[in-house]
Amino acid sequence: MSERISLLATERAEEWLLKPGVYFMQGNIASAEAALIAGCRFFAGYPITPSNEIAEHMSRRLPQVGGYFIQFEDEIASVNAIIGAAYGGVKSMTATSGPGFSLMQEAIGLAAMIEAPIVIVDVQRAGPSTGIPTLVGQGDIMQAKWGSHGDYEVVAYLPNSVQEMFDLTIEAFNTAWEYRVPVIVLADQSVGQMIERLRVPPLDEIKIVERKAPTVPPEEYLPFDSRYLVPPMAVAGEGYRFHVTSLLHTDKGYPTTSHEHSVKLITRLIRKIRENEKIIGRYEALALDDADLVVVAYGITSRSALRAVREARREGLKVGLFRPITAWPFPYWGLREAVDRGAKILVVEINMGQMVRVVREYYSNLVEIHFMPWAPGAVPRPHDILLKIKEVYGGE
Amino acid sequence: MSSGLRLGLRTESIKSLLRLERFPHIWCPGCGIGTVVKCFAEAVLKSDIPVEKHVVVSGIGCTSRAPGYLKLDGFHVIHGRATPFAVGLKTVRQDLEVTVIAGDGDILAIGGNHFIHAIRRNDDINVILVNNFIYGMTGGQYGPTTTKGSVTTTSPYGYIEGSFNVPYLAAALGANFVARWTPLHTKELTAAMLEMFKVDGFAIIEVVSPCLIYGEMNNLPPLEVMKLFRDRTVIDHEADLSKIDIDLRNPEKPIVLGNFVKRSRPSYQTLVRELIKKARGR
């Protein structure tokens with residue numbers, strides 16, 4: 343039996359991992375391969391379009407690297423199973439789309455509460471409800487942050503290319519295990535299912551974060567030690583004989599109704615992300631320095647927006663692009679300088695207004711914030727965005 | 311240990327497995343869950359599996375508080391999801407002996423789908439299902455094992471739905487080990503738990519247990535239920551499982567106990583190890 347553990351926990355299985363080089367690959371498959379490189383050895387999921395390629399690929403590839411794949415009876419079982427596996431010390435993930443992501447919400451709160459590192463790839467499709475399973479949407483931005491009850495923090499990445507499906511999946515695992523937090527790769531149908539160039543760097547150039555195990559003897563170990571922002575994590579079977587509960591708990595992991603412990607625990611769960619928001623949060627800024635108008639767009643929409651911004655520049659309009667790479671934490675600081683200069687903002691996203699609310703939260707009193715809603719099921723064309731840019735830009 | 315608390319002599323043997331600083335526990339006087347915990351702790355100590363390799367997982371409810379009093383790696387997760395949590399953990403860590411301890415509402419109502427699929431997959435986990443016929447912690451609502459006619463806070467005119475016959479259900483789904491005992495049958499219950507640890511594949515023990523909350527509404531206080539267990543239980547390992555549904559209110563109907571099913575269908579975890587070897591061409 344101990345052979346199984348060494349296989350999982352320590353074997354890098356390098357001979358079976360994707361070799362460095364340049365590939366022509368689908369986004370979902372790039373995400374799956376990245377997970378294996380990051381050390382993922384357990385995938386639990388339930389079939390749902392447009393994320394199926396991840397599960398299908400994992401079912402073939404995980405056994406090769408000595409890992410486990412289970413197709414569960416539903417998304418609820420899947421997400422709870424990866425939380426269990428994470429507490430076995432094994433990097434674990436699931437992949438889904440809107441309806442499945444909705445079903446997972448209660449357990450996302452569980453993962454946040456018991457500080458279980460998990461990765462969820464949500465390949466967003468058109469909603470609400472069953473919506474259009476095969477076509478794009480960006481309607482899960484708010485659900486990713488606020489979908490479970492109570493106060494908690496998650497991290498959510500917004501890949502806009504096959505390369506980022508790869509890079510950000512690895513980063514998602516690193517962030518999950520660094521901060522003991524649920525991390526979501528908030529992809530969309532277009533980015534997930536497009537096929538394009540992927541560069542896989544040599545393995546020794548890829549940063550991999552491993553679990554920080556406790557160093558104290560079992561009798562001194564506190565699984566939720568509030569002297570740390572992120573306490574060291576024991577896993578089952580190591581002799582710590584620790585207790586974990588979804589109830590509000592003490593540093594020892596015991597249930598409590600005390601407000602003092604509520605303050606201690608809940609604020610720490612929030613602080614461990616917020617105090618590191620500038621380390622975790624990421625964005626890309628293009629031509630913001632002299633911009634009179636900043637287009638904010640992410641995921642597949644950012645690629646249309648980029649073309650529109652370039653076209654606008656060609657026509658002499660001083661327009662820049664701000665692309666959040668993390669939805670949560672939202673990299674508000676990246677817009678600060680443009681806002682201070684008085685640049686207007688135009689948010690474009692495939693929903694009826696989600697990230698625009700966050701932008702307003704930070705900057706609504708300071709500059710004009712415009713919004714271009716886009717119903718799900720299609721990506722706005724560069725031309726559509728350019729028209730809106732001109733409308734907003736010309737309004738001086 | 312809080313001052314003034316004394317453990318009974320019979321509890322001394324399992325002291326090393328209890329989180330004494332958490333006592334007194336939350337269970338009502340007369341509740342059967344404490345006895346189940348004691349039998350489980352004894353079984354853990356008697357098993358040839360090291361204590362640190364035993365893991366307990368539970369959902370939400372009275373029974374699910376059990377891991378909180380056991381000095382083992384324990385996970386008290388969300389309502390109904392102890393089973394998939396346990397399956398994920400066991401799959402990646404087959405060196406562990408993973409036991410779910412939870413109630414009828416947790417495992418059979420909100421967790422019913424996971425229950426039937428874990429048995430279908432034949433996951434190598436143990437389930438101790440404490441059936442007290444009611445939702446005790448939330449104040450006495452009816453559940454999927456409530457006896458027909460019972461008064462509960464959500465069936466004030468009497469319960470009219472059908473109830474699960476747990477061993478019949480588990481056996482039909484293919485569980486490798488199926489048993490039913492009561493807190494009155496401590497020796498048999500402990501022995502069944504020891505048997506369960508040895509099973510490769512899904513093992514379930516239904517523990518039919520008295521509940522103060524149920525008793526108050528149905529003239530069946532816990533002591534009466536224990537008497538009923540003495541007078542109306544029949545041990546029959548070969549019983550026809552289709553006929554062993556429980557009717558607490560019918561004095562003519564026996565409560566049939568036993569170790570009903572023992573078989574050795576290979577577990578999912580055994581098969582997946584073979585699958586990995588095949589995938590790697592070794």
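Here the protein sequences come in this chain order: A and B. Under this note's numbering, the first residue of the first sequence is numbered 343, with each subsequent residue one higher. Under this note's numbering, the first residue of the second sequence is numbered 311, with each subsequent residue one higher. Just so it is clear, CB atoms sit at the ideal spot from N, CA and C, and this is done for glycine as well. Quick caveat: nothing in here was measured; it's all calculated off a predicted structure.
Quick test of your reading: residue i and residue j, contact by CB under 8 Å. State the CB separation rounded to the nearest angstrom.
i	j	result
residue 479 of chain A	residue 405 of chain B	No, residue 479 of chain A and residue 405 of chain B are not in contact; Cβ-Cβ is about 43 Å, not under 8 Å.
residue 363 of chain A	residue 542 of chain A	6 Å
residue 466 of chain A	residue 503 of chain A	Going by Cβ atoms, the distance from residue 466 of chain A to residue 503 of chain A rounds to 15 Å, so no, they are not a contact pair.
residue 514 of chain A	residue 533 of chain A	Their Cβ separation, rounded to whole angstroms, is 14 Å, which puts residue 514 of chain A and residue 533 of chain A out of contact at 8 Å.
Based on DSSP bridge pairs, tell me the residues matched to residue i.
i	result
residue 605 of chain A	Answer is none; residue 605 of chain A lacks a bridge partner.
residue 367 of chain A	A/538
residue 465 of chain B	B/462
residue 551 of chain A	Residue 551 of chain A pairs with nothing; no bridge assigned.
residue 663 of chain A	A/628 and A/637
residue 358 of chain A	Its beta-bridge partners do not exist; DSSP assigns none.
residue 385 of chain B	A/586 and B/367
residue 451 of chain B	B/445
residue 569 of chain B	B/489
residue 439 of chain B	B/412 and B/516
residue 407 of chain B	B/364
residue 692 of chain A	DSSP output for residue 692 of chain A lists no bridge partner at all.
residue 380 of chain B	B/328
residue 543 of chain B	B/565
residue 387 of chain A	A/413
What is the DSSP secondary structure of residue i, counted as helix, strand or coil?
i	result
residue 753 of chain A	In this structure chain A extends from 343 to 738, so residue 753 of chain A is not present and cannot be described.
residue 594 of chain A	coil
residue 466 of chain A	strand
residue 504 of chain A	helix
residue 490 of chain B	strand
residue 687 of chain A	strand
residue 484 of chain A	helix
residue 647 of chain A	helix
residue 447 of chain A	helix
residue 435 of chain A	strand
residue 593 of chain B	Shown here, chain B extends from 311 to 592; a query on residue 593 of chain B therefore has no answer.
residue 500 of chain B	helix
residue 440 of chain A	helix
residue 412 of chain A	strand
residue 725 of chain A	helix
Measuring only between beta-carbons, confirm whether residue i sits less than 7 Å from chain B.
i	result
residue 459 of chain A	no
residue 356 of chain A	no
residue 430 of chain A	yes
residue 447 of chain A	no
residue 405 of chain A	yes
residue 654 of chain A	no
residue 384 of chain A	yes
residue 633 of chain A	no
residue 611 of chain A	no
residue 442 of chain A	no
residue 627 of chain A	no
residue 562 of chain A	no
residue 426 of chain A	yes
Please confirm if residue i has its CB atom under 7 Å from at least one CB of chain A.
i	result
residue 312 of chain B	Residue confidence for residue 312 of chain B is low, a pLDDT of 45 falling below 50, so the modelled location carries little weight; the figure read from the coordinates is stated next. So, not an interface residue.
residue 580 of chain B	no
residue 391 of chain B	yes
residue 590 of chain B	yes
residue 509 of chain B	no
residue 403 of chain B	yes
residue 441 of chain B	no
residue 387 of chain B	yes
Show which residues of chain A have a CB atom less than 8 Å away from the CB atom of residue i.
i	result
residue 382 of chain B	583
residue 437 of chain B	Near residue 437 of chain B there are no residues of chain A at all, since even the closest Cβ is about 14 Å away, more than 8 Å.
residue 363 of chain B	579
Determine the chain B residues that contact residue i at a beta-carbon separation under 7 Å, and present them in chain order.
i	result
residue 418 of chain A	391
residue 723 of chain A	Under the 7 Å cutoff, chain B gives no residues; its nearest Cβ is about 43 Å from residue 723 of chain A.
residue 423 of chain A	394, 395, 397 and 398
residue 377 of chain A	Within 7 Å Cβ-Cβ: nothing; residue 377 of chain A doesn't reach chain B, min ~14 Å.
residue 410 of chain A	401, 402 and 582
Heavy atom of the ligand SAH less than 6 Å from the Cβ of residue i, yes or no?
i	result
residue 370 of chain A	Of the ligands one can find in the structure shown there are none, so the ligand SAH has no counterpart to examine.
Kindly list, in the order they appear in chain B, the residues whose Cβ is closer than 9 Å to that of residue i.
i	result
residue 596 of chain A	329, 331, 332 and 378
I want to verify the contact list: residues of chain A whose CB lies under 9 Å from the CB of residue i, in sequence order.
i	result
residue 335 of chain B	Correct list: empty, because the minimum Cβ distance to chain A is about 12 Å.
In chain B, which residues lie with their C-beta within 8 Å of the C-beta of residue i?
i	result
residue 398 of chain A	In chain order: nothing, as chain B lies at least about 14 Å away.
Under 7 Å between beta-carbons, which chain A residues line up against residue i? List them in chain order, please.
i	result
residue 586 of chain B	405 and 408
Exercise. Taking a Cβ distance cut-off of 9 Å, strictly less, list which residues of the segment 478–501 of chain B are near chain C, in chain order.
Key: Absent from the structure: chain C. Protein chains present are A and B.
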